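**Q** Taking mature numbering (1 follows the signal peptide of the UniProt record, and there is no 0), I'd label the letters of the sequence shown as residues -30 to -1, 1 to 477.
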Amino acid sequence: MSINKSISKFLLIFCISIGMVGFCNNKVLAASSSDESFTYNGSQGWWKSNGYYSNKITGRVVSGDFNGDGKEDIAAFYDNGIVNGKPSTSLHTWISTGSSFQYKDSKGWWNSEGYDCNRIADKVISGDFNGDGKDDIAAFYKVDDNTTNLHVWISTGSSFQYQYSQGWWNSKGYNSDKISGRIVAGDFNGDGKDDIAAFYKVGDCNTNLHTWISTGSSFQYQYSQGWWNSTGYNSDQISNKVVAGDFNGDGKDDIAAFYKADAYDTRLHTWMSTGSSFQYKDSKGWWNSTGYNSDQISNRVVAGDFNGDGKDDVAAFYKADAYDTRLNTWISTGSSFQYKDSKGWWNSTGYNSDQISNRVVAGDFNGDGSYDVAAFYANGQDSTSLHVWQSNASNITRRIVEYSKQFIGVPYVWGGTSPSGFDCSGFVQYVYRNVAGIELARDTYGQVNEGIPVSQDQLQPGDLVFPHADHVQIYIGNNQVIHAPQTGDVVKISPLGKVWKARRIIQ
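#1: Let's test the definition: count the other Cβ atoms within 10 Å of the Cβ of E420 and tell me whether it reaches 16, buried, or not, exposed.
#2: With DSSP run on the structure shown, which of helix, strand or coil describes E372?
#3: Contact check, F287 vs L297 under 8 Å by CB: the rounded distance?
#4: Between which two residues does the alpha helix (DSSP H) harbouring V398 extend?
#5: What is the rounded straight-line gap between the Cα of V31 and the Cα of G407?
#6: Give every residue of the same chain whose Cβ lies closer than 8 Å to the Cβ of Y415, excluding the five residues on either side of it in the sequence, and list them in chain order.
#7: Measure from the alpha carbon of F36 to the alpha carbon of each residue in W241, T59 and D98, then state which is nearest.
#8: Are the stretch 53 to 63 and the stretch 73 to 88 in contact at 8 Å, needing three or more beta carbon pairs?
#9: Run the CB neighbour count on Y293, radius 10 Å, all protein chains shown included, and call it buried at 16 or more, exposed below.
#10: Any beta-carbon of chain B closer than 9 Å to the one on N322?
#11: Closest to I475 by C-alpha separation, out of S327, Q443 and D102, would be which residue?
#12: How about G137 and L120: do their beta carbons lie closer than 9 Å?
#13: For P389, does the count of other Cβ atoms within 10 angstroms reach 16, so buried, or fall short, so exposed?
#14: Buried or exposed, going by whether 16 or more other CB atoms sit within 10 Å of the CB of A345?
#15: Less than 8 Å between C-beta atoms, sequence neighbours within five positions excluded: which residues of the same chain meet that for I326?
#16: Anyone know if the C-beta pair for F189 and D165 falls short of 9 Å?
#17: How should E409 be labelled, buried or exposed, when 16 other C-beta atoms within 10 angstroms of its C-beta is the threshold for buried?
#18: Taking the CB atoms as reference points, tell me whether G24 and A91 lie closer together than 9 Å.
#19: For A273 and F8, what's the separation of their Cα atoms in angstroms?
#20: Taking buried to mean at least 16 other C-beta atoms within 10 Å of its own C-beta, is F276 buried or exposed?
#21: Taking only runs of the beta strand (DSSP E) that begin and end inside the stretch 269 to 301, which ones reach a length of at least 3 residues, in chain order?
#22: Leaving out the 5 sequence neighbours to the left and right, which residues in its chain are closer than 7 Å to G29 when beta-carbon positions are compared?
#23: Provide the residue span of the beta strand (DSSP E) that contains G173, from first to last.
#24: Could you tell me which residues DSSP pairs with E42 in its beta bridges?
#25: Do A285 and T303 have their C-beta atoms within less than 9 Å of each other?
#26: Return yes when the Cβ of F377 is within less than 9 Å of the Cβ of K41, no when it is not.
#27: Between K104 and G156, how many whole angstroms is the CB-CB distance? I'm expecting something under 8 Å.
#28: Looking at the strands, I want to know which residues DSSP matches up with K230.
#29: Give the single residue among D147, S128, I95 and I301 whose Cα lies nearest to the Cα of N116.
#30: Grab the span of the beta strand (DSSP E) containing Y415 for me, first residue to last.
#31: Pull up the DSSP beta-bridge partners for K471, would you.
#32: Who are the Cβ neighbours of W17 in its own chain at under 7 Å, not counting the five residues just before and after it?
#33: Based on Cα-Cα distance, which residue from G15, V469 and T201 lies nearest to D433?
#34: For a quick check, are the C-beta atoms of D88 and D114 less than 9 Å apart?
#35: If you draw a straight line from the alpha carbon of P455 to that of W384, how long is it in whole angstroms?
#36: Name the one or two DSSP bridge partners that D49 has.
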């Protein structure tokens, strides 16, 4: 355990003790603690089945907070084969408890006799497409060589609702094979709803970065030239090595990809979102090496905030040899990626990374505020383990944001301080108490004096926002707040409006 992590634990205990008498000094809790490593949870994993064929989900595995409880879950389209003369598909889910995954059942959260999931392989993504706080799933369905439907499955919290066969977007002049293995999802315009982007291969060195912006009920295609295009870029060199995340910490998601310039010449290219276009860094990227073979990480690259500093990073399983695997990491500084070292945050001389290819995802599976990594390992033909690597860093403010979202829909009750009903200050007090152990004042008049003052342009996730003296909200980023508004309403996410005062409780 690092010194920083030990100090954070001490300060947390100190803050709880002070909180018992109704006061918590500002700057008591650090926002994050960093211990740069992953802990592997063993070959049994967080779930195991001796009757599950992992090859039936390859290329169709995603992660997201599907039930809205603040912990990421996993979902995968399972190929049931031909049933009653038709292709059959089940959308399986593994819901995180924080220390294990609970498998729904073989029917999953959605199933269909007549849906061919082989037509969406390597074209499945997840994100909160309707902005309700729960992640959804989308996939580009190949109807034929030039007809594509962008299918969507909206999460209800306990099932997925399929949004009809035409999808949220469709085209009779679009070849989805041209984007296979190069599709990502993220909030690229910063409006609180996730969008989709894909590198389209126009020709050998002609690439357009197509974008589909979510309206909450459909996707708007941003023209064939895309948000970026180049007549000198070979998209084949980044296939199966593309990820999205907020790499510069500005509240809008960006894109990164490992480019194979030569056998051992690798560049980690980045495209920063402006909100209406992508800005390509340059051919050298945010990191480059003449001694790194990007073929050895293909289909095993993920992104997430692994060190808990509020900026997303990149991780990949590197196959050094048949059973020599390193979980390499590239930590974002906001303007470049810092490569840990060749051993990575975890390594093993007894692990075969081929057995997890195209079944690797990242997410905050234990709800500690930092992203972890998970992968379906093929033990044998019909034996599968869901392995997990937990990050040893933590981020309290991210936990506050994610935890608060699970109460979306709870009714406003004047004087309410529990999940059966909240008023605005009761909601804020409950979240801070249960995530950070901080006992805030009961009402807005006390809470407005907690922590330290910040201006609107300095707002960070977790800050308290006061539109006026009688109301308090929690800022969650992307110019959005979560709050319990008024009688007759419910806990919900709203656009950031007038800011009378703002306070930072966690430094």
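Glycine included, each C-beta is placed from N, C-alpha and C at the ideal position.
Here the structure is a predicted model, which means the values were calculated and not measured.
**A** Taking the coordinates as given:
#1: Here the question's residue 420 lines up with position 450 in the sequence shown. Burial call: buried.
#2: Counting from 1 along the sequence shown, the entry for residue 372 is found at position 402. Three-state DSSP puts E372 in a helix.
#3: Mapped onto the sequence shown, residue 287 falls at position 317. Mapped onto the sequence shown, residue 297 falls at position 327. Correct: roughly 6 Å between the Cβ atoms.
#4: Looking up residue 398 in the sequence shown gives position 428. Per DSSP, V398 belongs to the alpha helix (DSSP H) from C394 to A406.
#5: Along the sequence shown, read from residue 1 onward, the residue named residue 31 stands at position 61. Along the sequence shown, read from residue 1 onward, the residue named residue 407 stands at position 437. Approximately 35 Å, taken between the alpha carbons.
#6: Here residue 415 refers to the residue found at position 445 when the sequence shown is read from its first residue. Cβ contact annotation for Y415 (same chain, cutoff 8 Å, sequence separation greater than five): A439, in chain order.
#7: Position 66 of the sequence shown, counted from the start, is the residue given in the question as residue 36. Comparing Cα-Cα distances from F36 to each of W241, T59 and D98, the minimum goes to D98.
#8: In this structure the stretch 53 to 63 lies against the stretch 73 to 88, because at least three pairs of beta carbons, one per stretch, are closer than 8 Å.
#9: Working through the sequence shown from its first residue, we reach residue 293 at position 323. Exposed, by the Cβ-count rule.
#10: Judged by its chain identifiers, the structure shown contains no chain B, having just a single protein chain.
#11: For this step, residue 475 is matched to residue 505 along the sequence shown. Minimum Cα distance to I475 is reached at Q443.
#12: As a first step, residue 137 is located in the sequence shown; it is residue number 167 there, counting from the start. As a first step, residue 120 is located in the sequence shown; it is residue number 150 there, counting from the start. Contact annotation: G137 and L120 have beta-carbon atoms nearer than 9 Å.
#13: Start at 1 with the first residue of the sequence shown, and residue 389 comes out as number 419. Counting the other Cβ atoms within 10 Å of the Cβ of P389 gives fewer than 16, which makes it exposed.
#14: Counted from its first residue, the sequence shown places residue 345 at position 375. Per the 10 Å Cβ criterion, buried.
#15: Position 356 of the sequence shown, counted from the start, is the residue given in the question as residue 326. These residues qualify, in order along the chain: R270, F287, A345, F346, Y347, A348 and H357.
#16: Along the sequence shown, read from residue 1 onward, the residue named residue 189 stands at position 219. Along the sequence shown, read from residue 1 onward, the residue named residue 165 stands at position 195. F189 is a Cβ neighbour of D165, given a cutoff of 9 Å.
#17: Along the sequence shown, one-based indexing puts residue 409 at 439. Counting Cβ neighbours within 10 Å, E409 comes out buried, since at least 16 surround it.
#18: Along the sequence shown, one-based indexing puts residue 24 at 54. Along the sequence shown, one-based indexing puts residue 91 at 121. Residue 24 is actually Ser in this sequence, not Gly. With respect to the 9 Å criterion, S24 and A91 are not classified as neighbours on the basis of their beta carbons.
#19: In the sequence shown, residue 273 corresponds to position 303, counting from 1. In the sequence shown, residue 8 corresponds to position 38, counting from 1. CA-CA distance, A273 to F8, rounds to 14 Å.
#20: Working through the sequence shown from its first residue, we reach residue 276 at position 306. By the Cβ-count criterion, F276 is buried, with 16 or more other Cβ atoms from all chains shown falling within 10 Å of its own Cβ.
#21: Within the stretch 269 to 301, the runs of beta strand (DSSP E) that reach at least 3 residues and sit entirely inside it are, in chain order, 271 to 274 and 283 to 291.
#22: Position 59 of the sequence shown, counting from 1, holds the residue named residue 29. Exclusion of the five residues before and after G29 leaves A91, D92 and N328 as the residues of its chain whose Cβ lies within less than 7 Å of its Cβ.
#23: The residue you call residue 173 lines up with position 203 of the sequence shown. D165 to G173 is the extent of the beta strand (DSSP E) around G173.
#24: Sequence index remark: in the sequence shown, residue 42 carries index 72 (1-based). DSSP lists no partner for E42.
#25: Mapped onto the sequence shown, residue 285 falls at position 315. Mapped onto the sequence shown, residue 303 falls at position 333. Taking 9 Å as the Cβ cut-off, A285 and T303 do not qualify as a contacting pair.
#26: Here residue 41 refers to the residue found at position 71 of the sequence shown. Here residue 377 refers to the residue found at position 407 of the sequence shown. Their beta carbons are not under 9 Å apart, which means K41 does not touch F377 by this criterion.
#27: Start at 1 with the first residue of the sequence shown, and residue 104 comes out as number 134. Start at 1 with the first residue of the sequence shown, and residue 156 comes out as number 186. Wrong, their Cβ atoms sit about 16 Å apart, outside the cutoff.
#28: Within the sequence shown, numbered from 1, the residue matching residue 230 stands at position 260. Bridge partners of K230: T236.
#29: Within the sequence shown, residue 116 is the residue found at index 146, counting from 1. Nearest C-alpha to N116: D147.
#30: The residue labelled residue 415 in the question sits at position 445 within the sequence shown. No beta strand (DSSP E) holds Y415; the alpha helix (DSSP H) holding it covers T414 to Q417.
#31: Here residue 471 is taken as the residue at index 501 of the sequence shown, counted from 1. Beta bridge pairing from DSSP links K471 with F436.
#32: Here residue 17 is taken as the residue at index 47 of the sequence shown, counted from 1. W64, S70, F71, Y73 and L356.
#33: One-based indexing of the sequence shown puts residue 433 at position 463. Of G15, V469 and T201, the smallest CA-CA separation from D433 is found for V469.
#34: Along the sequence shown, read from residue 1 onward, the residue named residue 88 stands at position 118. Along the sequence shown, read from residue 1 onward, the residue named residue 114 stands at position 144. For clarity, residue 88 is Asn in the given sequence; the question names Asp instead. Taking 9 Å as the Cβ cut-off, N88 and D114 do not qualify as a contacting pair.
#35: Reading the sequence shown from its first residue, position 485 is the one you call residue 455. Reading the sequence shown from its first residue, position 414 is the one you call residue 384. Distance between P455 and W384, taken at the CA atoms: about 10 Å.
#36: As a working note, residue 49 is residue 79 in the sequence shown. BP columns for D49 point to T59.
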